[in-house]
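**Student:** Right, I'll just put the structure down here and ask away after.
In the numbering used here, the protein residues as written are 52 to 169.
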């Protein structure tokens, strides 16, 4: 069973940067993609970005385009989310998840809090 762990959240001022990590125990080799999602207080969980595990092809939500970069390190079975030019509206709990070819997103991590102060 793959378990995902997300260290790297924290408090940052608007305009600042943070890098989140999503590390998989058990490896990512069976994953077709790994994604980042976020949930702000009182809101639903929204897609932020995803990367295909084999090809490394990224995709972003409109809110993340131009500011966030998703990347991966195959050797470390880790996916990163570099977040630049952070805004207060980026404040949320960020979760990573993985999917296989014929499954929905699953193996959700425990989440990490990102707080952007104005």
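Built from N, CA and C at the ideal position, the CB exists for glycine as well.
Since we're looking at a predicted model, the values are computed, not measured.
What did DSSP end up calling residue 139 once you bin it into helix, strand or coil?
**Tutor:** Here residue 139 is taken as the residue at index 88 of the chain shown, counted from 1. Helix, per DSSP.
**Student:** Measuring alpha carbon to alpha carbon, tell me which of 145, 114, 124 and 161 ends up nearest residue 136.
**Tutor:** The sequence position of residue 136 within the chain shown is 85, counting from 1. Residue 114 is the option with its Cα nearest to residue 136.
**Student:** According to DSSP, what are the bridge partners of residue 133?
**Tutor:** Within the chain shown, residue 133 is the residue found at index 82, counting from 1. In the DSSP output, where bridge partners are listed per residue, residue 133 has 70 and 120.
**Student:** Do residue 93 and residue 165 have their beta-carbon atoms positioned less than 7 Å apart in this structure?
**Tutor:** The residue you call residue 165 lines up with position 114 of the chain shown. The residue you call residue 93 lines up with position 42 of the chain shown. For residue 165 and residue 93, no; Cβs fall outside 7 Å.
**Student:** Across the stretch 126–143 and the stretch 91–108, are there enough close Cβ pairs to call them in contact, namely three or more that are closer than 8 Å?
**Tutor:** yes
**Student:** In angstroms with no decimal places, state the Cα-to-Cα distance between residue 132 and residue 73.
**Tutor:** By 1-based counting over the chain shown, the position of residue 132 is 81. By 1-based counting over the chain shown, the position of residue 73 is 22. The straight-line gap from Cα to Cα measures roughly 8 Å.
**Student:** Ordered along the chain, which non-local residues of its own chain (more than five positions away) have a Cβ less than 7 Å from that of residue 65?
**Tutor:** The sequence position of residue 65 within the chain shown is 14, counting from 1. For residue 65, where only same-chain residues beyond five positions count, the Cβ hits under 7 Å are 137, 138, 139, 167, 168 and 169.
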